[in-house]
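There are 2 protein chains.
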Amino acid sequence: MNGAQSLIRTLVGSGVEVCFANPGTSEMHFVAALDAVPEMRGVLALFEGVVTGAADGYARMADRPAATLLHLGPGMANGMANLHNARRAHTPIVNVIGDHAVYHKGFDAPLESDIDALNGWTHGWNRTSTDTASVGQDAADAVAAAMTAPGRIANLVLPADVSWGDGGEVAEPVAPPVPVPVEAERVRAIADIARSGESTVVLLGAGATREQGLLAASRIAAATGVKVFVETFPARLERGAGLPAFDRLGYLAEQVQWQLTDVKHLVLVGAKAPVSFFAYPGKPSELTPDGCEIHVLADLGEDTAKALADLAEAVAPDTAPVLQDPVRPEMPTGELTPQNWAPVIGALLPENAIISDEANTSGLMIPMTTVGAPRHDLLTLTGGAIGQGLPVAVGAAVACPDRPVVCLQSDGSAMYTISALWTMARENLNVTTVILNNRAYAILRMELMRVGAEGAGPAANSLLDLAKPDMDFVKVAEGMGVPATRATTAEELAEQFAKALAEPGPHLIDAIVPSLI
Amino acid sequence: MNGAQSLIRTLVGSGVEVCFANPGTSEMHFVAALDAVPEMRGVLALFEGVVTGAADGYARMADRPAATLLHLGPGMANGMANLHNARRAHTPIVNVIGDHAVYHKGFDAPLESDIDALNGWTHGWNRTSTDTASVGQDAADAVAAAMTAPGRIANLVLPADVSWGDGGEVAEPVAPPVPVPVEAERVRAIADIARSGESTVVLLGAGATREQGLLAASRIAAATGVKVFVETFPARLERGAGLPAFDRLGYLAEQVQWQLTDVKHLVLVGAKAPVSFFAYPGKPSELTPDGCEIHVLADLGEDTAKALADLAEAVAPDTAPVLQDPVRPEMPTGELTPQNWAPVIGALLPENAIISDEANTSGLMIPMTTVGAPRHDLLTLTGGAIGQGLPVAVGAAVACPDRPVVCLQSDGSAMYTISALWTMARENLNVTTVILNNRAYAILRMELMRVGAEGAGPAANSLLDLAKPDMDFVKVAEGMGVPATRATTAEELAEQFAKALAEPGPHLIDAIVPSLI
Numbered sequence: 053m054n055g056a057q058s059l060i061r062t063l064v065g066s067g068v069e070v071c072f073a074n075p076g077t078s079e080m081h082f083v084a085a086l087d088a089v090p091e092m093r094g095v096l097a098l099f100e101g102v103v104t105g106a107a108d109g110y111a112r113m114a115d116r117p118a119a120t121l122l123h124l125g126p127g128m129a130n131g132m133a134n135l136h137n138a139r140r141a142h143t144p145i146v147n148v149i150g151d152h153a154v155y156h157k158g159f160d161a162p163l164e165s166d167i168d169a170l171n172g173w174t175h176g177w178n179r180t181s182t183d184t185a186s187v188g189q190d191a192a193d194a195v196a197a198a199m200t201a202p203g204r205i206a207n208l209v210l211p212a213d214v215s216w217g218d219g220g221e222v223a224e225p226v227a228p229p230v231p232v233p234v235e236a237e238r239v240r241a242i243a244d245i246a247r248s249g250e251s252t253v254v255l256l257g258a259g260a261t262r263e264q265g266l267l268a269a270s271r272i273a274a275a276t277g278v279k280v281f282v283e284t285f286p287a288r289l290e291r292g293a294g295l296p297a298f299d300r301l302g303y304l305a306e307q308v309q310w311q312l313t314d315v316k317h318l319v320l321v322g323a324k325a326p327v328s329f330f331a332y333p334g335k336p337s338e339l340t341p342d343g344c345e346i347h348v349l350a351d352l353g354e355d356t357a358k359a360l361a362d363l364a365e366a367v368a369p370d371t372a373p374v375l376q377d378p379v380r381p382e383m384p385t386g387e388l389t390p391q392n393w394a395p396v397i398g399a400l401l402p403e404n405a406i407i408s409d410e411a412n413t414s415g416l417m418i419p420m421t422t423v424g425a426p427r428h429d430l431l432t433l434t435g436g437a438i439g440q441g442l443p444v445a446v447g448a449a450v451a452c453p454d455r456p457v458v459c460l461q462s463d464g465s466a467m468y469t470i471s472a473l474w475t476m477a478r479e480n481l482n483v484t485t486v487i488l489n490n491r492a493y494a495i496l497r498m499e500l501m502r503v504g505a506e507g508a509g510p511a512a513n514s515l516l517d518l519a520k521p522d523m524d525f526v527k528v529a530e531g532m533g534v535p536a537t538r539a540t541t542a543e544e545l546a547e548q549f550a551k552a553l554a555e556p557g558p559h560l561i562d563a564i565v566p567s568l569i
Numbered sequence: 053m054n055g056a057q058s059l060i061r062t063l064v065g066s067g068v069e070v071c072f073a074n075p076g077t078s079e080m081h082f083v084a085a086l087d088a089v090p091e092m093r094g095v096l097a098l099f100e101g102v103v104t105g106a107a108d109g110y111a112r113m114a115d116r117p118a119a120t121l122l123h124l125g126p127g128m129a130n131g132m133a134n135l136h137n138a139r140r141a142h143t144p145i146v147n148v149i150g151d152h153a154v155y156h157k158g159f160d161a162p163l164e165s166d167i168d169a170l171n172g173w174t175h176g177w178n179r180t181s182t183d184t185a186s187v188g189q190d191a192a193d194a195v196a197a198a199m200t201a202p203g204r205i206a207n208l209v210l211p212a213d214v215s216w217g218d219g220g221e222v223a224e225p226v227a228p229p230v231p232v233p234v235e236a237e238r239v240r241a242i243a244d245i246a247r248s249g250e251s252t253v254v255l256l257g258a259g260a261t262r263e264q265g266l267l268a269a270s271r272i273a274a275a276t277g278v279k280v281f282v283e284t285f286p287a288r289l290e291r292g293a294g295l296p297a298f299d300r301l302g303y304l305a306e307q308v309q310w311q312l313t314d315v316k317h318l319v320l321v322g323a324k325a326p327v328s329f330f331a332y333p334g335k336p337s338e339l340t341p342d343g344c345e346i347h348v349l350a351d352l353g354e355d356t357a358k359a360l361a362d363l364a365e366a367v368a369p370d371t372a373p374v375l376q377d378p379v380r381p382e383m384p385t386g387e388l389t390p391q392n393w394a395p396v397i398g399a400l401l402p403e404n405a406i407i408s409d410e411a412n413t414s415g416l417m418i419p420m421t422t423v424g425a426p427r428h429d430l431l432t433l434t435g436g437a438i439g440q441g442l443p444v445a446v447g448a449a450v451a452c453p454d455r456p457v458v459c460l461q462s463d464g465s466a467m468y469t470i471s472a473l474w475t476m477a478r479e480n481l482n483v484t485t486v487i488l489n490n491r492a493y494a495i496l497r498m499e500l501m502r503v504g505a506e507g508a509g510p511a512a513n514s515l516l517d518l519a520k521p522d523m524d525f526v527k528v529a530e531g532m533g534v535p536a537t538r539a540t541t542a543e544e545l546a547e548q549f550a551k552a553l554a555e556p557g558p559h560l561i562d563a564i565v566p567s568l569i
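Those protein sequences? They're chains A and B, same order as listed. Its first residue numbered 53, the first sequence is counted upward by one per residue in my numbering. Its first residue numbered 53, the second sequence is counted upward by one per residue in my numbering.
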């Protein structure tokens, strides 16, 4: 057995059964080994940003990592923006980064570069396999590292000769460490605060935005009067009818400051105290109000869901959670506007959907219009590196082939990783993509005003303008094998969205929505 | 004057008049400042890999750097694969990487990352502006660093508050250091070798593949019998009728070994001794024959063109260069094949063209079929990170608006940076793109065999296959505003290529060419 085969067999044995791949010559033995291990599904993407974003979306939904296959330093570099998002989402991912043969590295061949520097940037677990006999163990260790709470990126560099060498050995799965339990004393202290009657906000983040955590948080709120928010960009938020509904903190600093007005205690559960997404002249970075005490119920790496359950048991043993009623928005009519497209989605969202949301400014109304839709999962842009929505939808659809995936995607962001459409077609994934085509980096129009930039005129505005030429996403999608239609009215959007959801495989709707600003 | 204005004014004063940009919030003051300095042309791209690749193509043709504008670490990361190619091309580039305000960095906002680690990966010049008053000087120093022979990447990190702060000062241009002259003794020693009658190869690289270097090399060869090769992937090779014609070293190790058979002396001029692009089991990394002595006439950073001129003066004072006659291939007919599309290009290549060549396996015949075409520049894939061809074509066309740019682009590679087409349309660039659409990563089919990977079957082959679905580049191009046609015969390709060249603005031809293997 060569190194590549032992690697793939070990991954499969450790529960990693999908590899999103964009291979090159140095990865050919890995590619060849896929035929020896049919349990591993190879999914080809045409750009590494799709590979890593898909791995992110996959693990958010599957609760176990996918592998990626990347071609040396430049392949890793192309995948790094979405690894940044995955890092912020605390998503477990096992990157297999092919490299030159060990003996070849000193020759500075054209594709040689400092892969370690790139891996370090991901703040994950890093190892280079140096010996064919230990590749299997390296792979098992990588999976365990990725699965270490709250989840992280594991980078395994695989030199070509280690991959093609004989003597590979399959390793047993390695159990990741158990999440650190939260001591009872801390739960008691937070319980005292919750019962104090002072204005208290509980902020839910990693590990606390799934059903179990939400139900506990709702009981705590109902029993004590604390207010609950979800962090601004949760990796995966379960929501909809039958689940507790909590607002997310806003994207804009002003929104967060308003949401936290007069709060005396901020209780963090797998989340960080809110800071401004960007700096603005004369405005604060920290958004917690003056005089507000910050308390940590459970930090990243601790058992957040268990801590919330313990807190609920302490303060709300007999209190039931408050659940969202099923409610759908009225179906809108007329020309599409920034306001009326979101109710269409809310009115028609199917049972058990997964939403990959990179609608940015166009998506401001989505939380409101979908709150009482059938239960669904929401996957958001966790790290601010745009170009995540389409790849995450790919990965979610691979992880959950029986669930409808809805990708709400702004036009500018779509173009970073547009070839994800091809992978949707290739794998016949059940993804309905709605492009919010406002022909602008609308968020930057807003930010240009908010930062108080002086003297902006035609030259500045042209760099925020995606018209001239207008993108035709129908043609782009069809060119990549995805059936597509254009909607300019709410009625058209509704008809096309319902039809797309009713048919298997990917679809795209190019929704012409004017820019909010 | 704020920091951003002083930065842009200094860049313009230092000869940097184009900024390829994909900005975000932290760069809004830079964007606004473009209206205050109309001499700086901002060119928007929809993905940072297009930004950096365009800056590479621009500087290869303009002989001075463009600036880029990149959005924090993730924006830099997206641009890095083409910066890798630019590093290998020794292209001067000034990257302006926006960052959070200095006081905001400690808060670990979502887009925070270790930008220094990314910059280090480019092996260039790095500085973070920490003070608005010195941003101008930082910019002048960055341009000088980029222009230091043989050319390199300068990374200037611009925190938002340094950019928006008042008190910016425009700095005078800084002269880059003069290239190190080659001492007469070294020229004399190489002259002795050239005249020795022993089998000698002169290998031309950075600084030696332009007219002056080529003419000198040709005179040396004519007078002494040495053989001249150009490095495998030159950044910019001037060629065609009226110039000396030298073969490039091959991509495959076997080709190079054949080209260097029995050579006793290898003389390097701005080039490195050839090594295998990848490692292969049982095959050597170094491709210089056993017993061949390696000599350096001029190293990177030295004045290669002057050294060649001195050597020519020493060994060939009265010898004329051998110039390529004008000759065109016969116009082929019939269904497109891997062999017959390249003569169409050679037969019709216009005067003074610039070829951006990322045709990969499909392009094997291009050097032969264009050797006697009218004089042109050839820009190649220097670092092996695919996705360079379209962006380099963008940059070359911006640098040389009066010259026709021909982009020969393989299908798989095109998809990494496909949004370059939109920038071509936006800027109405005279680029004629020919997609060699063979529906495969054909080079990897070849490499899968060459690396001796065992057991490759359907699973492996599917990861090298770009069919299912077939890409329709006509639709993709039209969707991004570029007029496009499809060619399936040599006659159609000829007609469409001639028509595209005759009309201003960008065009794309989706040439359906079977895979070589």
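Note that CB positions come from ideal geometry on N, CA and C, so glycine has one too.
Residues bridged to residue i [DSSP beta-bridge criterion]
i, result
"B:Ile346", "B:Leu318"
"B:Arg538", "B:Asp562"
"B:Cys71", "B:Gly94, B:Ala119"
Residue-level contact to chain C via CB, residue i, 7 Å cutoff
i, result
"A:Glu530", "Going by chain labels, chain C is absent from the structure shown, which instead holds the protein chains A and B."
Cβ distance (whole Å) where residue i is taken to contact residue j below 8 Å
i, j, result
"B:Ala206", "A:Ala129", "That pair is no contact at about 18 Å."
"B:Val367", "B:Ile272", "6 Å"
"A:His428", "B:Gly125", "32 Å between Cβ atoms; not a contact."
Residue span of the beta strand (DSSP E) that contains residue i, given as start and end
i, result
"A:Ala119", "119-123"
"A:Asp463", "First-last for A:Asp463: 463-466, but that is the alpha helix (DSSP H), not the beta strand (DSSP E)."
"B:His428", "428-432"
"A:Pro211", "205-211"
"A:Ile487", "483-489"
"A:Asp151", "145-151"
"A:Ala405", "405-410"
"A:Thr261", "Careful: A:Thr261 lies outside any beta strand (DSSP E) and carries neither H nor E."
Reference residue i, options the options, closest by Cα
i, options, result
"A:Thr252", "A:Glu382, A:Ile242, A:Thr284", "A:Ile242"
"A:Arg238", "A:Glu306, A:Trp310, A:Pro211, A:Leu363", "A:Leu363"
"B:Met532", "B:Leu560, B:Thr540, B:Glu543", "B:Leu560"
"B:Val214", "B:Glu79, B:Pro90, B:Val68", "B:Glu79"
"A:Arg288", "A:Arg61, A:Asp351, A:His81, A:Asp108", "A:Asp108"
"A:Ser328", "B:Gly158, B:Val565, B:Asp562", "B:Gly158"
"B:Leu352", "B:Gly441, B:Thr143, B:Asn74, B:Leu545", "B:Thr143"
"A:Thr541", "A:Ile569, A:Leu388, A:Ala448", "A:Leu388"
"B:Leu430", "B:Met467, B:Pro286, B:Leu312", "B:Pro286"
Bounding residues of the alpha helix (DSSP H) (the contiguous stretch that carries residue i)
i, result
"A:Lys527", "525-531"
"A:Asn392", "Premise fails: A:Asn392 is in no alpha helix (DSSP H) and is neither H nor E."
"A:Thr422", "418-422"
- Check whether the stretch 88-95 of chain B touches the stretch 167-182 of chain B, counting contact only when three or more Cβ pairs, one atom from each stretch, lie closer than 8 Å. No, they do not touch.
- Quick check: the stretch 288-302 of chain B against the stretch 223-242 of chain B, are there 3 or more CB pairs under 8 Å? By the Cβ test, the stretch 288-302 of chain B is not in contact with the stretch 223-242 of chain B, since fewer than three Cβ pairs between them sit closer than 8 Å.
- May I ask you to verify whether the stretch 155-168 of chain A touches the stretch 281-291 of chain A, counting CB pairs closer than 8 Å and requiring at least 3? Contact between the stretch 155-168 of chain A and the stretch 281-291 of chain A is absent, because fewer than three Cβ pairs lie under 8 Å.
- Task: Inspect the CB distances between the stretch 254-268 of chain B and the stretch 345-357 of chain B and report whether three or more fall short of 8 Å.
- Result: Because the criterion of three Cβ pairs below 8 Å is met, the stretch 254-268 of chain B and the stretch 345-357 of chain B touch.
- Any contact of the stretch 216-228 of chain A with the stretch 316-332 of chain A, i.e. 3+ C-beta pairs under 8 Å? Result no; under three Cβ-Cβ pairs closer than 8 Å.
- May I ask you to verify whether the stretch 521-537 of chain B touches the stretch 550-567 of chain B, counting CB pairs closer than 8 Å and requiring at least 3? The stretch 550-567 of chain B and the stretch 521-537 of chain B touch, with three or more beta-carbon pairs separated by less than 8 Å.
- Would you check if the stretch 115-124 of chain A and the stretch 407-421 of chain A touch, i.e. whether three or more CB-CB distances between them fall below 8 Å? Output reads no: the stretch 115-124 of chain A does not touch the stretch 407-421 of chain A.
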